[in-house]
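7 is the number of the first residue of the sequence shown in my numbering; add one for each residue after it. Just so it is clear, CB atoms sit at the ideal spot from N, CA and C, and this is done for glycine as well. Input: a single structure, listed below in C-alpha cells.
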Amino acid sequence: MTIRHLKVFIEVCERGGITKAAESLHIAQPAVSQTISDIEKYYNVRLFERINQRLALTEPGRELLLKAKEAAAAFDEFGRFASSAAAAPTVRIGTSLTIGKIYLPGILSGMRAGWPQVKPWALVDKTGAIEGAIVAGELDFGIVEGEVKSPNLRRVPFATDRLIAVCGPGLDVPPEIALEELTAYDLLLRESGSASRNFLDNLLSSRGLTAAPLMQSSDNQAILAAAANNLGVAVLPEGLAEPWIRRGRLKELIVRGADFVRCSSLIFHKNKRFSGPQREIYEYCRQYAATRGASGVSNVSGASGVPDGRADDWCEEDSGLQ
7 MTIRHLKVFI EVCERGGITK AAESLHIAQP AVSQTISDIE KYYNVRLFER
57 INQRLALTEP GRELLLKAKE AAAAFDEFGR FASSAAAAPT VRIGTSLTIG
107 KIYLPGILSG MRAGWPQVKP WALVDKTGAI EGAIVAGELD FGIVEGEVKS
157 PNLRRVPFAT DRLIAVCGPG LDVPPEIALE ELTAYDLLLR ESGSASRNFL
207 DNLLSSRGLT AAPLMQSSDN QAILAAAANN LGVAVLPEGL AEPWIRRGRL
257 KELIVRGADF VRCSSLIFHK NKRFSGPQRE IYEYCRQYAA TRGASGVSNV
307 SGASGVPDGR ADDWCEEDSG LQ
C-alpha cells in the first residue's frame with residue numbers, strides 16, 4: 007500500500023466516479039478500478055456502493071477518506087519541508103518582548119555572520135505565546151523571561167537581569183525608598199500577564215502588597231516616556247532603562263529590601279532533536295549572554311559576531327541537549 011493508492015482513492019471521491027478520476031489523473035480507467043480494489047482487499051473493507059448508477063461512499067469509506075486526506079497532506083508537507091530544508095535551512099527563534107529588545111538584534115546579526123547559509127526567522131511575543139509556538143512545532147527554540155509552565159518544554163538558563171525603579175528628574179521622590187513605600191507612588195507598569203509584571207506582582211504579594219498602577223502598557227517605550235515626563239515611577243528591566251538614565255532623562259531609585267534580580271531561560275520542546283546548523287546556533291544562543299552586559303552590547307574587545315566564550319557562571323554547564 008503506497009501514497010499513490012490513497013491519492014487515487016481521494017481523487018475518485020472528489021470527482022464522484024472512476025471515469026472522471028481516471029481523466030483527472032491521466033491514467034487508464036481499469037488502473038483506477040484496480041487501485042480501489044487493491045485498497046478494499048488490503049484492508050478488508052468496502053469503500054463504495056452503487057446507488058442509482060452512481061458511486062457512494064460507505065460509512066467506513068467516509069472515515070477512511072478523512073484519514074487518507076490527512077496522510078496525503080502530511081506526505082506532501084514532508085516533501086515540501088525536505089526540499090526547502092535542503093535548499094536553505096531555516097532556524098526559527100522566539101523571544102519574549104524584553105529579550106527581543108535587548109538581545110535578539112545581536113543574535114540575528116551573529117547568525118548572519120556565522121551561518122550565512124541559514125535563513126533566520128524570529129518571533130517576538132509574550133512568554134506564553136512563545137511557549138505555545140514551541141509546543142506547536144512553530145519554533146525551534148525560544149529565549150524568555152519568567153515562569154515556564156508547559157511540562158513539554160525543557161529549560162536551560164540563559165542570563166540574569168534585574169528590574170529597576172526609575173522616574174523623571176523632576177518627580178519629587180527620595181533617591182532611596184523601601185519596597186513598602188514604592189506602592190504609594192503612581193506606578194507605571196507593564197500589563198498584567200507579562201513576565202516583568204508577574205515578577206513584580208509576585209514580589210509585592212510575598213510582602214502582602216499589591217500594585218495599583220496609574221498606567222499599564224505592553225509598550226516599554228510608552229512607559230519610559232511617561233516616566234521621563236514625571237508621571238510616576240516605572241519598574242522595568244535595567245537594559246531598557248539604562249540608555250534613558252545615561253542621557254539624563256530618567257534617574258534610578260534604590261528600593262530597599264527588594265531583590266529585583268531575575269533569570270531568563272532558553273527553552274525548547276523536550277522531544278526536539280537539533281542537528282547541523284540548528285545545534286550550532288542553539289549553542290551560540292546559549293552562550294551569547296556570557297559576552298554581553300544587561301544592554302546586550304558586547305563586553306569583549308574586538309569580539310566577532312559569534313562568541314566563543316562559555317556561558318555565565320550561574321548557567322548550567324550542561325547544554326540541555328540530549
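The beta-carbon distance between residue 145 and residue 129, rounded to whole angstroms, is 6 Å. This is short enough to meet the 8 Å contact definition. By the Cβ-count criterion, residue 278 is buried, with 16 or more other Cβ atoms from all chains shown falling within 10 Å of its own Cβ.
The DSSP-derived three-state label of residue 213 is coil. Across the structure, residue 269 and residue 275 are spaced so that their CA atoms are roughly 19 Å apart. In this structure, residue 104 lies away from residue 223, with their beta-carbon atoms at least 8 Å apart. Nearest to residue 108 by C-alpha distance, out of 118, 265, 245, 182, is 245. For residue 250, the uninterrupted alpha helix (DSSP H) run begins and ends at 244–252, by DSSP. Per DSSP, residue 126 is one residue of the beta strand (DSSP E) stretching across 125–130. Annotation for residue 60: 22, 23 place their beta carbon closer than 8 Å to its own, counting only its chain and skipping 5 residues before and after. Every beta strand (DSSP E) of 3 residues or more that sits fully in the stretch 129–181 is shown, in chain order, as 147–151, 159–173. Around the beta carbon of residue 34, fewer than 16 other beta carbons sit within 10 angstroms, so the residue counts as exposed. Between residue 100 and residue 148 a beta carbon distance of about 4 Å is seen, short of the 8 Å cut, so the two are scored as contacting. For residue 240, the secondary structure class from DSSP, reduced to helix, strand or coil, is strand. A straight line joining the alpha-carbon of residue 127 with that of residue 113 spans about 12 Å. For residue 7, no alpha helix (DSSP H) run applies, since DSSP gives it neither H nor E. Residue state for residue 223 is assigned as strand, using DSSP reduced to three classes.
About 6 Å separates the Cβ atoms of residue 242 and residue 229, confirming a contact at the 8 Å cut-off. In this chain, the alpha helix (DSSP H) harbouring residue 25 covers 24–31. In the three-state reduction of the DSSP assignment, residue 258 falls in the strand class.
Taking a contact to require three or more Cβ pairs closer than 8 Å, the stretch 67–85 and the stretch 11–19 qualify as touching. Of the candidates 83, 42, 154, the residue whose Cα lies closest to the Cα of residue 51 is 42. By a beta-carbon distance limit of 8 Å, residue 186 does not contact residue 161. Their separation comes to about 32 Å. Counting along the chain, residue 195 sits inside the beta strand (DSSP E) bounded by residues 193–196. Your pair residue 97 and residue 284 checks out as a contact, with CB atoms roughly 6 Å apart and the cut at 8 Å. Under the criterion of beta carbons closer than 8 Å, residue 9 and residue 84 do not qualify as touching, at roughly 10 Å.
Collapsing the DSSP output to three states places residue 70 in a helix.
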